[in-house]
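Novice: Just dropping this structure here.
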Ligand SMILES: C/C(=C\C(=O)SCCNC(=O)CCNC(=O)[C@H](O)C(C)(C)COP(=O)(O)OP(=O)(O)OC[C@H]1O[C@@H](n2cnc3c(N)ncnc32)[C@H](O)[C@@H]1OP(=O)(O)O)CC(=O)O
């Protein structure tokens, strides 16, 4: 029997801590509770000298469905939305001195793509699907841009941010959103192979190599994320954001203004 209060499971073996998003009922949506536990799991893995690498995994069919739109809908009553914490999570992954690898066995949407892009390595199943759905919800991929844009070609970013269209694992690998896309039955072997390589590295050298990869530096990232969190909050609180989130909760198409001609 698993406790509903545990949204991120932690297991450590052979130098690798696996943080498993475990909220399948809402497709591992980025609720405040899940993000709090993810931040705690990351901090513990960083502090543990026995840990050389971190894997972000998931239970259920979906890697991550992005911002928790039901929590957001409920928060409208208080005139605010829980948008800021995602920036802290992305910064914690991006700045983590230990390599982080995302194991993506199923779909990821919007904020979930921020997690994948923040990770140093990401391996997905060919059948996994991806989409920057934000504009269809009336918001923009603001916070996640801090990690996604350094990975993507500007042309791919423009196409995918503006259309919200769904793409598969092979395309995700082509455009650099993931490191590799493999048949689903080879996913665990591929993840294990990368982890075996990662744990062979000297811990200090791994941290130093990550710092090189993160230039121009973490101060800029933090400042960028603070600004982007405010932008994101503004969109979630806008008329379009409220309509998109409400339409999601009511399981109906969003009604944008002005409406399209028939
Ligand atoms: C970070 C920033 C922005 C965002 O992240 S906006 C979030 C955008 N997210 C989405 O558009 C994803 C919405 N979800 C889906 O498209 C699908 O659920 C899925 C991920 C493709 C999975 O499909 P599947 O058929 O497997 O599951 P269901 O659709 O039947 O959903 C099951 C269950 O889960 C609930 N749920 C799904 N996604 C969310 C979510 N994001 N938040 C809350 N709840 C979610 C869904 O409502 C169902 O619940 P029921 O009670 O069973 O109805 C902005 C920035 O970067 O700044």
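Residue numbers (UniProt numbering): 1 to 262.
The beta-carbon is built from N, C-alpha and C at its ideal position, and this holds for glycine as well.
Please classify residue 134 as buried or exposed, where buried requires at least 16 neighbouring CB atoms within 10 angstroms.
Specialist: Here the question's residue 134 lines up with position 134 in the chain shown. Residue 134 is buried by the Cβ-count criterion.
Novice: Please check if any C-beta of chain C sits within less than 8 Å of the C-beta of residue 69.
Specialist: In summary, chain C is missing from the structure at hand, where a single protein chain is found.
Novice: If we require 4 or more residues per run, which alpha helix (DSSP H) segments fall completely within the region 19–94?
Specialist: Correct list: 32–47 and 69–75.
Novice: Rounded to the nearest angstrom, what separates residue 11 and residue 43 at their Cα positions?
Specialist: The residue labelled residue 11 in the question sits at position 11 within the chain shown. The residue labelled residue 43 in the question sits at position 43 within the chain shown. When rounded, the distance between both Cα atoms is 14 Å.
Novice: Determine contact between the region 110–129 and the region 214–230, defined as no fewer than three beta-carbon pairs at a distance below 8 Å.
Specialist: They do not touch, by the three-pair rule.
Novice: Contact defined as beta carbons within less than 8 Å: I believe residue 125 pairs with residue 138. What is the distance between those atoms, to the nearest angstrom?
Specialist: Residue 125 sits at position 125 when you count from the first residue of the chain shown. Residue 138 sits at position 138 when you count from the first residue of the chain shown. Residue 125 to residue 138, Cβ: 30 Å. No contact.
Novice: Going straight from the alpha carbon of residue 237 to that of residue 120, what length do you get?
Specialist: In the chain shown, the residue the question calls residue 237 occupies position 237. In the chain shown, the residue the question calls residue 120 occupies position 120. Answer to the nearest angstrom: the Cα atoms are 32 Å apart.
Novice: So residue 245 is in the alpha helix (DSSP H); what residue range does that whole segment cover?
Specialist: On the chain shown, position 245 is the one that residue 245 refers to. Element bounds for residue 245: 239–249.
Novice: Could you say which of 234, 261 and 243 lies nearest to residue 253 if we only look at CA atoms?
Specialist: Within the chain shown, residue 253 is the residue found at index 253, counting from 1. Looking at the Cα atoms, 243 is the closest of the given residues.
Novice: Any heavy atom of ligand 1 closer than 7 Å to the beta-carbon of residue 109?
Specialist: The count along the chain shown starts at 1 and reaches residue 109 at position 109. Result yes, Cβ under 7 Å from ligand 1.
Novice: Among 221, 251 and 180, which has the Cα closest to the Cα of residue 101?
Specialist: Taking the chain shown and counting its residues from 1, the one referred to as residue 101 is at position 101. The shortest C-alpha separation from residue 101 is found at 180.
Novice: Whole angstroms are fine: how far does the CA of residue 98 sit from the CA of residue 206?
Specialist: One-based indexing of the chain shown puts residue 206 at position 206. One-based indexing of the chain shown puts residue 98 at position 98. Rounded to the nearest angstrom, the two C-alpha atoms are 7 Å apart.
Novice: Which whole-angstrom value is the C-beta distance of residue 86 and residue 143, which I expect to be below 8 Å?
Specialist: Numbered from its first residue, the chain shown carries residue 86 at position 86. Numbered from its first residue, the chain shown carries residue 143 at position 143. Indeed, because the Cβ distance is near 5 Å, the residues count as touching under 8 Å.
Novice: Is DSSP giving residue 146 helix, strand or coil here?
Specialist: Looking up residue 146 in the chain shown gives position 146. Reduced to three states, the DSSP call for residue 146 is helix.
Novice: Check whether the Cβ atoms of residue 88 and residue 56 sit closer than 8 Å, and answer yes or no.
Specialist: Numbered from its first residue, the chain shown carries residue 88 at position 88. Numbered from its first residue, the chain shown carries residue 56 at position 56. Not closer than 8 Å, so no.
Novice: Quick one, are the C-beta atoms of residue 26 and residue 58 less than 8 Å apart?
Specialist: Here residue 26 is taken as the residue at index 26 of the chain shown, counted from 1. Here residue 58 is taken as the residue at index 58 of the chain shown, counted from 1. For residue 26 and residue 58, no; Cβs fall outside 8 Å.
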